[in-house]
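One structure is given here, and the rest of the page talks about it.
In this note's numbering, the protein residues as written are 120 to 315.
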């Protein structure tokens, strides 16, 4: 029996690196869960502002659970996207090691900018025209995420329950979530184009 050497699979005439894995499914799952967080956040805010305490309590728990699951799905997507980005530009094209995809979110103090660095490096590596890439969308996502997180912590710790700050907090959450959805979509589309 003769053995034939098999080559890496190709798509549209290009060689796909051995460890390349599409991010499409992970992107869809992460995006659906982020959207669920946004919907439950809006519903919970409406219930809170309108004084529906029982519904607000239920939606608060649903939103918290959805947020945890969405965060895990986002990190799983980012892990795979980061691995693919390394295949596109090499390990030196990323400022942080792959372990920071997880550690950046949980390590105090550096979690204020390391997640941004991980995502922006993946963004730049995945872009089809790396020479002319603009980071504006990633910057908007990270800024709205940080402001939303800090503002929500502030009103929670201060015990503020007025409708105005609650609506502002929800609006910041929604803006951050929409930007996150756009970032996931753009990186995933770019990586799909890069390999076929």
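Glycine included, every Cβ here is placed at the ideal spot set by N, Cα and C.
| Three-state secondary structure assigned by DSSP to residue 144 | helix
| message | On the CB-based measure, 16 or more other CB atoms within 10 Å of its CB, does residue 248 come out buried or exposed? | response | exposed
| Contact test: residue 305 Cβ vs the ligand FMN heavy atom, cutoff 8 Å | What this structure holds is no ligand at all, so the ligand FMN is not there to describe.
| query | Residues in its own chain within less than 8 Å of residue 164 by CB, not counting five upstream and five downstream? | reply | 285, 286, 288 and 289
| request: Would you mind working out which of 273, 302 and 243 sits nearest residue 259, comparing C-alpha positions? | output: 302
| In three-state terms, what does DSSP make of residue 289? | helix
| task | Give the C-beta separation of residue 313 and residue 267 to the nearest angstrom, bearing in mind that I take them to be a contact with Cβ-Cβ under 8 Å. | result | Not confirmed; about 31 Å, so no contact.
| request: Pick out whichever of 168, 189, 230 and 145 has its Cα sitting closest to the Cα of residue 157. | output: That would be 189, whose Cα lies nearest to the Cα of residue 157.
| How about residue 215 and residue 233: are their beta carbons less than 9 Å apart? | yes
| request: Determine the DSSP secondary structure at residue 247, reduced to helix, strand or coil. | output: coil
| field | Option in 173, 149, 306 and 219 with minimal Cα separation from residue 186 | value | 149
| Alpha carbon to alpha carbon, what distance is there between residue 180 and residue 281? | Rounded to whole angstroms, residue 281 to residue 180 spans 20 Å at the Cα level.
| said: Helix, strand or coil for residue 215? Go by DSSP, reduced to three states. | reply: coil
| For the candidate residues 177, 305 and 212, whose alpha-carbon lies nearest to that of residue 237? | 212
| For residue 201, is the classification buried or exposed, using 16 other Cβ atoms within 10 angstroms of its Cβ as the cut-off for buried? | buried
| request: Give the single residue among 256, 168, 242 and 167 whose Cα lies nearest to the Cα of residue 296. | output: 256
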